[in-house]
Structure formats: structure tokens, C-alpha cells
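Peer 1: Quick one: structure below, then a few questions.
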Amino acid sequence: MRLSLTRDRLTLVTYAQLGIFGYFIYGFGPVVPLLRDEQGTSRAVASLHGSALAVAALVGGAAFPWLVRRFGRPQVLWAATFGLAVGVLGLWAARPFAATMIATFVTAVAGSTLVNGVVATLSGHHGPAGAAAISESNAVAAGVGTVSPLIVGAAVSVGLGWRPGLAVVVPLVAAVALVAWRSRDALRTAVVAPGSAGVSGRLPWGYWLAWTSMVVTGSVEVCLNLWAGDELREHARVAPALATAAVSAIVGGMFLGRVVGTRLVLRLAPLRVLLGALALSAVGFTVFWLATTAWLAIAGLLVCGLGNSLHYPLAIALAVEHSGGQPDLAAARSAYAMAIGFGLAPLALGWTADQAGTHNAFLLVYALLAVAAVVVWRLLSVPAPVSAPGRP
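Heads up, the sequence shown is in our numbering, so the first residue is 123 and it goes up one at a time.
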């Protein structure tokens, strides 16, 4: 049966909140090398800013259920949104390494909390169409994310530095807050009040299958984002500048995939769409891995991005669906999955690349996709609860 997705004011404002985080997270990646130049640190030391993102995801995930029970989801969601602005302003002011690490951590904790709140809100507000809403919200984040590096790069090219480009987050937060304030009555619907999050602390088996799929698919995403440029240079003989820019093909593919995926999920079961997305990622990765010419390798990255686009939105939607009526706890624990994947997979691939070369190390992606497919296939046999007590 075909579902319908109603994009009311609450939905659109929630999309915008996630889009702001998308602007930060995709714009911050190109900033790290610039910070390294400013601070005179090594690549390894500069990469600790990425580690701060992973640790912040763990902290945000641990704190989110308690914060919702104590203050209510709307208050937490807006505090996280304003926290993004505060963190980015901190990055503007920070100069020493320790200061930029603290500012990065603060911003990322706010971002992790925001993501959890968006997932729980859209799932509860849209019910069976929640997976489509989550996919579409992530499409917005990816779409905004394709613009962010361009704005940051433009600010650098005209001599302003990266800070004004990244600080666009602040007026974006102000604009969305103004829209929400003017329609605050509508935004009070379909959200939980303090003390009513319905968290028991135990999540069903089906949830942990979906959680595992997030670990391995998150690993695929971060490995490609961090190491695809090296593979393009070494195997396809792509010039360094083009190899760096070509990684944006993954983000572009993710944006397109999430736009199309929203419509697919309204017509087909999310589990089957996710299996198809995993297969598409494998096809795109194979083209990328085998290609010895730039255009073919970049085309493979685009196709891989199309498949990758639906991994997280569908996995988190399935996790909430199988949470036994605990959307806030489900969203919070998902942050652990992403932190594990983002924290460990690049190290594993990097270590393997040191031993056997980047090209051979990338075979790890096939193993990760295979594990994800097995887990999702197993989830097909686990019925989701017919009703979700306590679900907002």
C-alpha cells in the first residue's frame, strides 16, 4: 500500500534544522587541512578534530534520553540547534589547537543531539511514513552539504579565510528560529513533554540488528570519504587536485539518492529498499575499484553515493521501528553505532593500506557491505511491533 508524506510546518522546520547541521559537518571537513596550516601541526594531530566528532557523538547519544525526559524533546532540539551556532562562533574565535578541539567538540555534541531529536520527531510525527521523512530530511542535509564547501572555499579564495564561510551557520539558525517562533503553536504538536519519553533502557533484538547495519554502513561511508582520494591518485592516476574535488561525487550521489529514495520508501518496504541500496553501493564501488581512468572511477563514486545515500536514513528508521516504542532511546543509541564505525573503520583501512597498499585495503568495503546485507536480510524475519506503546 502506498503511503503519503505530509510536509507540514513542523516537518519543514525539522528538515531545516538538520540542514544546518549538514552545512556544518560537510563544510568542516575542508577546514581541517586549513587548521593544520594555521596551527603548524601534523596531519595526525589535525585529524584529532575528526576524533572529537566521534567522541562527541557518543556523549550526545548518552545524554539525549536523559535530556528528553528532563526537559522535553522540543526544548532539547532547539537547545541543540542554538548550540551549533555557539560552537561555530567558538571556532571563529579559537586559534590554539586546544581551543579549536574544544569548540569542535561542543559543536559536534550539539549536532549529535540535534540528529537524535530530528530522527525521533520525524518518526513519531509521520508514523508509517517516518522512514520516508527521515530519508528526505537527510536529502536536505546532503543538498545543503554540497553547497557548504563551495561557500567556505569562496571565502578563502577572496582572502576572508574559512571562518566567515563556516559562520553562515549562525544566520541560518537565526532564520529558522524566527520561522519556528512565528508558528510556535503548530510546532508544539506531535512532540513529547518532559518525563514522557517512555524509556525502559532495554531495546529488542530487532533494534540491534538495525544498529549493527549502521555500524558497518557508516564504516563504508567514512572509508570512502577519507580514502577515495588516495585510491584515485594511486590506481586511476588522477591528479591530486581533481582527486580531492572528485570525492564530492559521493555527496552529490547521496543527495540524488535520498531525493529518489523518499519516493521509493513510500511505495516499497524499507527493508527491501535498503537491500537494493546495498547492492547498488557494491556495483558502484566495483566500478570505482576497478577503474583505471578518472571519468570511470568518478562515475563509480557517484553510483556508490546513490547507494550509500539510503543506508543511514533507512537503518535509523528501522531501528526506531523496532525499538519497542522508545524512539528517543533508539535514536540516542544509534549515535554509538556511527561513532564506532567512524572511529574504527578508517584506522583499520589505514593500517591495512600501510601493509598491503590502498587498493588492496579497499577490499574491506566488500566485507562491510556483505555483513550489512546479511544483517538486513536477517531483519526481514523479525516482525516490527504492531503498536508502539509510549511512542509520541
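Virtual Cβ for every residue (Gly too), placed ideally from N, Cα, C.
Using the three-state DSSP reduction, which class does VAL504 fall into: helix, strand or coil?
Peer 2: If you number the sequence shown from 1, residue 504 lands on position 382. Coil, per DSSP.
Peer 1: To the nearest angstrom, report how far apart LEU418 and PHE410 are at their CA atoms.
Peer 2: Reading the sequence shown from its first residue, position 296 is the one you call residue 418. Reading the sequence shown from its first residue, position 288 is the one you call residue 410. One C-alpha to the other measures close to 7 Å.
Peer 1: Taking Cβ positions, are LEU230 and VAL190 nearer each other than 9 Å?
Peer 2: One-based indexing of the sequence shown puts residue 230 at position 108. One-based indexing of the sequence shown puts residue 190 at position 68. Here the sequence assigns Ala to residue 230, which means Leu is not the residue at that position. No, they are not a contact pair.
Peer 1: What residues in its chain sit with their C-beta under 7 Å from that of THR163, if we drop five residues either side in the sequence?
Peer 2: Mapped onto the sequence shown, residue 163 falls at position 41. So the qualifying residues of the chain are PHE219.
Peer 1: Given that a residue counts as buried once 16 or more other Cβ atoms are within 10 Å of its Cβ, and exposed if not, what is ASN482?
Peer 2: Here residue 482 is taken as the residue at index 360 of the sequence shown, counted from 1. It is exposed - the Cβ of ASN482 has fewer than 16 other Cβ atoms within 10 Å.
Peer 1: What span of residues does the alpha helix (DSSP H) with ARG385 cover, start to end?
Peer 2: As a working note, residue 385 is residue 263 in the sequence shown. Its alpha helix (DSSP H) spans residues 370-389.
Peer 1: Mapping the DSSP letters down to three states, classify GLY422 as helix, strand or coil.
Peer 2: Counted from its first residue, the sequence shown places residue 422 at position 300. Residue state, collapsed to three classes: helix.
Peer 1: In whole angstroms, what is the alpha-carbon distance linking GLY281 and LEU175?
Peer 2: What you label residue 281 is simply residue 159 of the sequence shown in a count that begins at 1. What you label residue 175 is simply residue 53 of the sequence shown in a count that begins at 1. Going from the Cα of GLY281 to the Cα of LEU175 covers about 28 Å.
Peer 1: If you follow the alpha helix (DSSP H) that THR229 is in, where does it begin and where does it stop?
Peer 2: Here the question's residue 229 lines up with position 107 in the sequence shown. Here the alpha helix (DSSP H) through THR229 covers 219-248.
Peer 1: If the criterion is Cβ atoms closer than 9 Å, does the pair ALA413 and PHE186 meet it?
Peer 2: Within the sequence shown, numbered from 1, the residue matching residue 413 stands at position 291. Within the sequence shown, numbered from 1, the residue matching residue 186 stands at position 64. No, these two residues do not count as a Cβ contact at 9 Å.
Peer 1: Should GLN139 be labelled buried (16 or more other beta-carbon atoms within 10 Å of its own) or exposed?
Peer 2: Along the sequence shown, one-based indexing puts residue 139 at 17. Answer is buried; the Cβ neighbour count reaches 16.
Peer 1: Under 8 Å: do the stretch 329-336 and the stretch 235-251 share three or more Cβ pairs, one atom per stretch?
Peer 2: Because the criterion of three Cβ pairs below 8 Å is not met, the stretch 329-336 and the stretch 235-251 do not touch.
Peer 1: At what residue ranges does the stretch 148-218 contain a whole run of the alpha helix (DSSP H), taking only runs of 4 or more?
Peer 2: Taking only runs of at least 4 residues, the alpha helix (DSSP H) segments lying wholly in the stretch 148-218 are 165-168, 170-193 and 195-215.
Peer 1: Let me confirm a value: THR334 is counted as buried when at least 16 other C-beta atoms fall within 10 Å, else exposed. Which label applies?
Peer 2: Along the sequence shown, one-based indexing puts residue 334 at 212. It counts as buried.
Peer 1: Less than 8 Å between the CB atoms is what I'm expecting for VAL292 and TRP284, so what's the real figure, rounded?
Peer 2: For the purposes of this step, residue 292 is identified with residue 170 of the sequence shown, where counting begins at 1. For the purposes of this step, residue 284 is identified with residue 162 of the sequence shown, where counting begins at 1. VAL292 to TRP284, Cβ: 15 Å. No contact.
Peer 1: Answer with buried or exposed for THR128, where buried requires no fewer than 16 other C-beta atoms within 10 angstroms of its C-beta.
Peer 2: Indexing the sequence shown from 1 puts residue 128 at position 6. Exposed: under 16 other Cβ atoms inside 10 Å.
Peer 1: Can you tell me whether DSSP reads PRO293 as helix, strand or coil?
Peer 2: For the purposes of this step, residue 293 is taken as the residue at position 171 of the sequence shown. Residue state, collapsed to three classes: helix.
Peer 1: Could you tell me the distance, in whole angstroms, from the CA atom of ALA489 to the CA atom of ALA404?
Peer 2: Here the question's residue 489 lines up with position 367 in the sequence shown. Here the question's residue 404 lines up with position 282 in the sequence shown. Cα to Cα, ALA489 sits roughly 10 Å from ALA404.
Peer 1: Report the rounded CA-to-CA distance for VAL301 versus GLN197, giving the unit in angstroms.
Peer 2: Here the question's residue 301 lines up with position 179 in the sequence shown. Here the question's residue 197 lines up with position 75 in the sequence shown. Distance between the alpha carbons of VAL301 and GLN197: 16 Å.
Peer 1: Tell me where the alpha helix (DSSP H) around PHE464 begins and ends.
Peer 2: Walking along the sequence shown from the start, residue 464 turns up at place 342. Where PHE464 is concerned, the enclosing alpha helix (DSSP H) stretches over 449-478.
Peer 1: What is the rounded straight-line gap between the Cα of LEU180 and the Cα of LEU451?
Peer 2: Translated into the one-based positions of the sequence shown, residue 180 becomes position 58. Translated into the one-based positions of the sequence shown, residue 451 becomes position 329. If you take the alpha carbons of LEU180 and LEU451, they lie about 13 Å apart.
Peer 1: Secondary structure at PRO286, three-state DSSP: helix, strand or coil?
Peer 2: For the purposes of this step, residue 286 is taken as the residue at position 164 of the sequence shown. Residue state, collapsed to three classes: helix.
Peer 1: Exposed or buried, which one is ARG359 when buried takes at least 16 other CB atoms within 10 Å?
Peer 2: Position 237 of the sequence shown, counted from the start, is the residue given in the question as residue 359. Exposed: under 16 other Cβ atoms inside 10 Å.
Peer 1: Determine the contact status of LEU502 and LEU388, defining contact as a CB-CB distance below 9 Å.
Peer 2: In the sequence shown, residue 502 corresponds to position 380, counting from 1. In the sequence shown, residue 388 corresponds to position 266, counting from 1. No, these two residues do not count as a Cβ contact at 9 Å.
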